[in-house]
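For reference, the structure discussed in these notes is given below.
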Amino acid sequence: MIPVFSIVYSQLREEFALITTTLSIHEGRTDAAPEAVGLDAGRLQLLDGHFRGLIEAGRIQGASYLVARDGQIVVHRSQGNLTYEENSPALLPNSIRKVYSITKVFTAIAIAQLAEEGKLFYQQSVSEWIPELNTDQHRGITIWHLLTHTSGLMGDPGVQTEPYTLPWYEWWLYEKRSNVDAWTLEDGIKTIVSGRMYCKPGEQWNYCTAGFALLGLVIERASGMSYEQYIRERITEPLGMERTFLRVPEHLRAETCIVSPWPENSFDRTGIPAAAGNGLFSTLEDLWKLGQAMLNDGHLHGQQLLGRKTVRMMVSNQLNNVPSTCWGDKNPNFQMGLGWSLSHHDICSPGTYAHEGAGHCGLFVDPIERLVYVFMVPNQTGWVPQAIINPRAIIWSALL
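FYI, in my numbering the residues of the sequence shown are 1364 to 1763.
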């Protein structure tokens, strides 16, 4: 007869083995040990346990994270599941994930490149590129307003904490397109800017993804390329971002992290580059390359993405006494760069610039500490502060 304690021990061992298998730490490419660049390795290891606890509690599906300093990657790990499905493969450090609003910094960089080439200017009325905005209501909106979320257009659903939100503009585009026999680009533009303005241009900071869809159209008309082609040829290919796409190739879908079934791609069906605000897929290392290029004043591995003066302007505050009430905030003097967020209110150095994406992910660049942090914490909740905010305290406190 087998003793009861032996049976219990055996069961516990099997359960522990299952947990450790599910939550194995997967290591990606690194360049140096943390101490070599002035970071405490022991402190950084706290990230593993921190994310593991959130995964085990069911708060997030998985976590992948990269820390680099002085151009050297020192942490590049992942744990948890690639998909929401049972028997999911593991989330790996090079897994592809939709990065949603981090797309906006790619769009902002594209606009900055075109400005450097003299093809447009920041204070130019958007109506000069998109005639449908040549109305008394919209004529005052400039490219600068769209880049800084101060256009006065209605913000994203829920941004003003309204209890019952309107649908996303992609839904309006899809519904209209599905219910008309003839569809024109003009119809799509009018759909995006339909309804009243939230405020006059320049009066308030009101987060507006639809404005970046309009910037995507400006990029197409100023460059003569599709938005997708421009991003590929002018940003991702020069920087060697080999796993960054607007449309993930079929053979890589099995390597792509999802938290729900694959959505249809609105980029394909409207004629408007709606994805310019939230459509890119990428990886930790690819996003690090973009952040490192910005930290290097616009260049990486011999490729010049932007000029030094342009980079420094983009990551400098553009607003003066412009209030924000987004997501319950009551900030009378919101800080914003050109496409880059500057308001973090935490341990990051002053001047740190960043962007986050839904579902959730983020790219942070600290020019004082010469540090880049990229993370992906896929989940269906969207906003899990313990997975989004808390890890920064662990990382920045590891600076020696």
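Beta carbons: idealized from backbone N, C-alpha and C, even for Gly.
Report back the beta-carbon spacing between residue i and residue j to the nearest angstrom; my notes put them in contact at under 8 Å.
i, j, result
"K1652", "L1669", "At roughly 14 Å, the Cβ-Cβ gap does not stay under 8 Å, so K1652 and L1669 are not in contact."
"L1580", "P1494", "The Cβ separation is near 11 Å, so there is no contact."
"M1560", "G1515", "5 Å"
"T1554", "L1536", "6 Å"
"L1510", "G1702", "5 Å"
"S1464", "T1572", "7 Å"
"T1505", "V1489", "6 Å"
"L1417", "Q1749", "6 Å"
If you compare alpha carbons, which of the options is closest to residue i?
i, options, result
"V1438", "T1466, Y1447, Y1463, A1404", "A1404"
"Y1485", "R1502, F1738, H1508, R1584", "H1508"
"G1412", "I1388, A1656, T1646, E1719", "I1388"
"S1679", "P1695, T1715, E1538, T1505", "T1715"
"G1518", "R1415, P1564, G1665", "P1564"
"R1648", "S1541, W1746, Q1424, E1605", "In the sequence as presented, Arg is not what sits at residue 1648; that position holds Glu. It is E1605 whose Cα lies nearest to the Cα of E1648."
"V1462", "L1417, S1589, A1639", "A1639"
"N1683", "K1539, L1407, N1696", "N1696"
"M1677", "D1709, K1467, L1577", "K1467"
"E1479", "G1425, S1451, Q1667, S1645", "Q1667"
"E1448", "G1416, F1608, P1624", "P1624"
"P1755", "I1621, H1708, R1422", "The amino acid at residue 1755 is misidentified as Pro; the sequence shows Arg. Selected option, being the one with the closest Cα: H1708."
"V1747", "G1416, R1422, A1399", "R1422"
Would you list the residues sitting across from residue i in a DSSP beta bridge?
i, result
"G1425", "G1443"
"G1725", "E1719, F1738"
"L1402", "L1762"
"Q1667", "H1662"
"W1703", "Its beta-bridge partners do not exist; DSSP assigns none."
"F1644", "K1461, F1608"
"S1687", "W1568, N1694"
"E1390", "R1440"
"W1431", "Per the sequence shown, residue 1431 should be read as Ala rather than Trp. Its beta-bridge partners are I1436, V1735."
"T1619", "I1459"
"A1453", "N1444"
Who are the near neighbours of residue i in its chain, counting only those whose CB is closer than 6 Å to its CB and skipping five residues on each side?
i, result
"I1751", "H1723"
"M1739", "S1427, R1460, C1724"
"S1712", "D1729, I1731, E1732"
"A1761", "L1402, D1403, R1406, L1407"
"T1744", "none"
"F1644", "I1459, K1461, F1608, V1611"
"G1503", "P1564"
Kindly list the residues whose CB is nearer than 8 Å to the CB of residue i, restricted to its own chain and excluding five residues on each side of it in sequence; keep chain order.
i, result
"V1567", "Checking the sequence, you will find Gln at residue 1567 rather than Val. The answer, listed in chain order, is T1513, G1515, Y1561, V1685, P1686, S1687, T1688."
"R1376", "Because the pLDDT of R1376 is 41, which lies under 50, any placement of that residue in the model is unreliable, and the number read from its coordinates should be weighed accordingly. Excluding sequence neighbours, R1376 sits near nothing in its chain."
"Q1592", "none"
Note down, in chain order, each residue of its chain lying with its Cβ closer than 7 Å to the Cβ of residue i, except the 5 sequence neighbours on either side.
i, result
"E1549", "E1495"
"Q1500", "M1560"
"G1603", "K1652, H1664"
"A1766", "Past the boundaries of the shown model lies residue 1766; the chain is included only from 1364 to 1763, so the question cannot be answered."
"W1759", "I1710, C1711"
I need the boundaries of the beta strand (DSSP E) containing residue i, first residue and last residue.
i, result
"R1415", "Segment 1409-1419 is the alpha helix (DSSP H) holding R1415; no beta strand (DSSP E) there."
Tell me where the alpha helix (DSSP H) around residue i begins and ends.
i, result
"R1597", "Segment: none, R1597 is in no alpha helix (DSSP H) and carries neither H nor E."
"I1555", "1548-1555"
"W1306", "Any question about residue 1306 goes unanswered here, given that the chain covers just 1364 to 1763."
"I1474", "1466-1479"
"E1583", "1572-1586"
"I1751", "1748-1751"
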